[in-house]
Amino acid sequence: MDIDAIKSLIVKLGFSREDESNQIYCKKYSDHKNYTISLNFETQWTLQKLGKITEIISGQSPQSKFYNKNQQGLPFYQGKIEFGNMYLKEPKTWTTQITKESIKDDILMSVRAPVGSLNINRFDKICIGRGLAAIRSKAENVFIKYIYYFLLFNPELIVGTEGLIFSSISRDQISKISIPLPPKEVQEQII
Numbered sequence: 094m095d096i097d098a099i100k101s102l103i104v105k106l107g108f109s110r111e112d113e114s115n116q117i118y119c120k121k122y123s124d125h126k127n128y129t130i131s132l133n134f135e136t137q138w139t140l141q142k143l144g145k146i147t148e149i150i151s152g153q154s155p156q157s158k159f160y161n162k163n164q165q166g167l168p169f170y171q172g173k174i175e176f177g178n179m180y181l182k183e184p185k186t187w188t189t190q191i192t193k194e195s196i197k198d199d200i201l202m203s204v205r206a207p208v209g210s211l212n213i214n215r216f217d218k219i220c221i222g223r224g225l226a227a228i229r230s231k232a233e234n235v236f237i238k239y240i241y242y243f244l245l246f247n248p249e250l251i252v253g254t255e256g257l258i259f260s261s262i263s264r265d266q267i268s269k270i271s272i273p274l275p276p277k278e279v280q281e282q283i284i
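Counting from 1 along the sequence shown, just add 93 to a position and that's the residue number in our numbering.
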């Protein structure tokens, strides 16, 4: 069975996600305690936890007395309100108290409701508040945009073990998300 046929079957049957053992679980029947559907398949790419291939920086909000609209300090982002389609919109707030920094091309993930919204930092440096986490590649064999697109098109990976979407997600939970890691040439074709 080729990968497209497997994907088609997954969609038709309502399967939801893959774990480290390459099992996909069925969402449609998750309420039935005595009924389990799983489908094993082989992947040619190894699964890697985000914590092994990226650095994850949890945001920390500065005190509000250090916020300003005069462009003093660094642009400050604290949630998805200033997310664009792919890249951050222009900042509305700056801060002179720098707590946690994100650099250009980091993936920014909303870690509070709504959890999992993604954007890419297009600025050299920004300060991030507690509603965001920055995901930065630390492996030479990984394109950050590959991770961005993988997470964007697989939002079901950011769920709890019971299948419920968290109202918040921790740095540790983000670091445990597994993604298939194809060779860099394949990643480049994907992005």
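Each residue gets a CB set at the ideal place from its N, CA and C atoms; glycine is no exception.
Spatially closest choice to residue i from the options, by CA coordinates
i, options, result
"residue 233", "275, 216 and 223", "275"
"residue 142", "211, 283 and 230", "230"
"residue 60", "264, 166, 192 and 250", "Nothing about residue 60 can be read from this structure; the chain reaches only from 94 to 284."
"residue 187", "245, 283, 216 and 265", "216"
"residue 226", "151, 199 and 144", "151"
Exposed unless 16 or more other CB atoms sit within 10 angstroms - verdict on residue i
i, result
"residue 173", "buried"
"residue 146", "buried"
"residue 313", "Examination of residue 313 is not possible in this model, given that the chain is present from 94 through 284 alone."
"residue 313", "Since the first residue of the chain shown is 94 and the last is 284, residue 313 is not available in this structure."
"residue 253", "With a pLDDT of 37 at residue 253, under the threshold of 50, the modelled position of that residue is not reliable, and the figure given next carries that caveat. It counts as exposed."
"residue 177", "exposed"
"residue 202", "buried"
"residue 269", "exposed"
"residue 161", "exposed"
"residue 180", "exposed"
"residue 246", "exposed"
"residue 279", "exposed"
"residue 281", "exposed"
"residue 210", "buried"
"residue 251", "buried"
"residue 137", "exposed"
Limits of the beta strand (DSSP E) - the one that residue i falls within
i, result
"residue 225", "225-230"
"residue 281", "No beta strand (DSSP E) holds residue 281; the alpha helix (DSSP H) holding it covers 277-283."
"residue 273", "271-274"
"residue 250", "Unbroken run through residue 250: none, as it is neither H nor E."
CB contact flag (residue i, residue j, <9 Å)
i, j, result
"residue 267", "residue 149", "yes"
"residue 192", "residue 164", "no"
"residue 196", "residue 218", "yes"
"residue 155", "residue 220", "yes"
Where the alpha helix (DSSP H) containing residue i begins and where it ends
i, result
"residue 143", "143-146"
"residue 218", "Where residue 218 is concerned, there is no enclosing alpha helix (DSSP H), although the beta strand (DSSP E) it sits in stretches over 218-221."
"residue 243", "237-245"
"residue 268", "264-268"
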